[in-house]
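Q: For the sequence shown, this note's numbering gives the first residue as 446, with consecutive numbering after it.
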Amino acid sequence: MNLLLLGRGKTGSLVAEVAAERRHHARVIGAKDNIESVALTPENLAPFDTVIDFTAPHCVLSHIEACANAGKNMVVGTTGWYKEMDHVRTLVERHKTGFIYAANFSIGVNLFFDIARTAAAALNHDYSGQIFERHHAT
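1. Could you give the C-beta distance for P487 and N447, rounded to a whole number, given that I count them as a contact under 8 angstroms?
2. What does the Cβ neighbour count give for M519, buried or exposed, with the cut at 16 atoms within 10 Å?
3. Return the first residue and the last residue of the alpha helix (DSSP H) that F558 is part of.
4. Output the distance between the C-alpha atoms of A564 and A471, rounded to the nearest integer angstrom.
5. Name the DSSP bridge partner or partners of V521?
6. Judging by CA-CA distance, which residue of R562, S551, H508, V554 is the nearest neighbour of L536?
7. Taking all protein chains shown into account, do 16 or more other C-beta atoms lie within 10 angstroms of the C-beta of L459, making it buried, or fewer, making it exposed?
8. So, helix, strand or coil for A471, using DSSP?
9. Would N409 be called buried (16 or more neighbouring beta carbons within 10 Å of its own) or exposed?
10. Around the C-beta of K528, are 16 or more other C-beta atoms found within 10 angstroms, so that it is buried, or is it exposed?
11. For a test of the three-state rule: what should DSSP assign to N447, helix, strand or coil?
12. In whole angstroms, what is the alpha-carbon distance linking G522 and L568?
Shown next as structure tokens:
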């Protein structure tokens, strides 16, 4: 598989490493190489099967738009863009592209989600609950 990874942070770098171990080709583009999504033209995206985004909320929407317009499937691990979900859903449906997003890829957070689901099911509707999340700064 030929992957394009957007973002040179911890998670993007780890994905590139695992992709290489599994004999996939992964090209990584950082922010300096993609100011205002200039690297995401249909021609530049053509060789890639899937684009994986671990960037920042201020730029992820333009990445999603560029990839949808180029007909590219995406996996997005960037958070903070969800108010644009209706727009993204429309783009993906119009261009018939695949799109997967996840709020958090850490094992601990996903384990916590499972625990919360189990607790909610066990408590039925007899209780109301709240979950407070504290997120790291970087």
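Beta carbons: idealized from backbone N, C-alpha and C, even for Gly. These numbers were taken from a predicted model, which means no experiment stands behind them.
A: So, to answer that:
1. The residue you call residue 487 lines up with position 42 of the sequence shown. The residue you call residue 447 lines up with position 2 of the sequence shown. About 15 angstroms; that fails the 8 angstroms criterion.
2. Position 74 of the sequence shown holds residue 519. Label assigned to M519: buried.
3. On the sequence shown, position 113 is the one that residue 558 refers to. Residues 552 to 568.
4. Position 119 of the sequence shown holds residue 564. Position 26 of the sequence shown holds residue 471. If you take the alpha carbons of A564 and A471, they lie about 40 angstroms apart.
5. Working through the sequence shown from its first residue, we reach residue 521 at position 76. For V521, the beta-bridge partners assigned by DSSP are D498, Y546.
6. For this step, residue 536 is matched to residue 91 along the sequence shown. Nearest C-alpha to L536: H508.
7. Position 14 of the sequence shown, counted from the first residue, corresponds to residue 459. L459 is exposed by the Cβ-count criterion.
8. Position 26 of the sequence shown, counted from the first residue, corresponds to residue 471. If DSSP states are grouped into helix, strand and coil, A471 belongs with the strands.
9. Past the edges of the chain, shown from 446 to 583, lies residue 409, and the structure says nothing about it.
10. By one-based count along the sequence shown, residue 528 stands at place 83. Looking at its Cβ environment, which holds fewer than 16 other Cβ atoms inside 10 Å, K528 is exposed.
11. In the sequence shown, residue 447 corresponds to position 2, counting from 1. Correct three-state label for N447: strand.
12. Counting from one through the sequence shown, the residue named residue 522 turns up at place 77. Counting from one through the sequence shown, the residue named residue 568 turns up at place 123. G522 and L568: Cα-Cα distance of roughly 31 angstroms.
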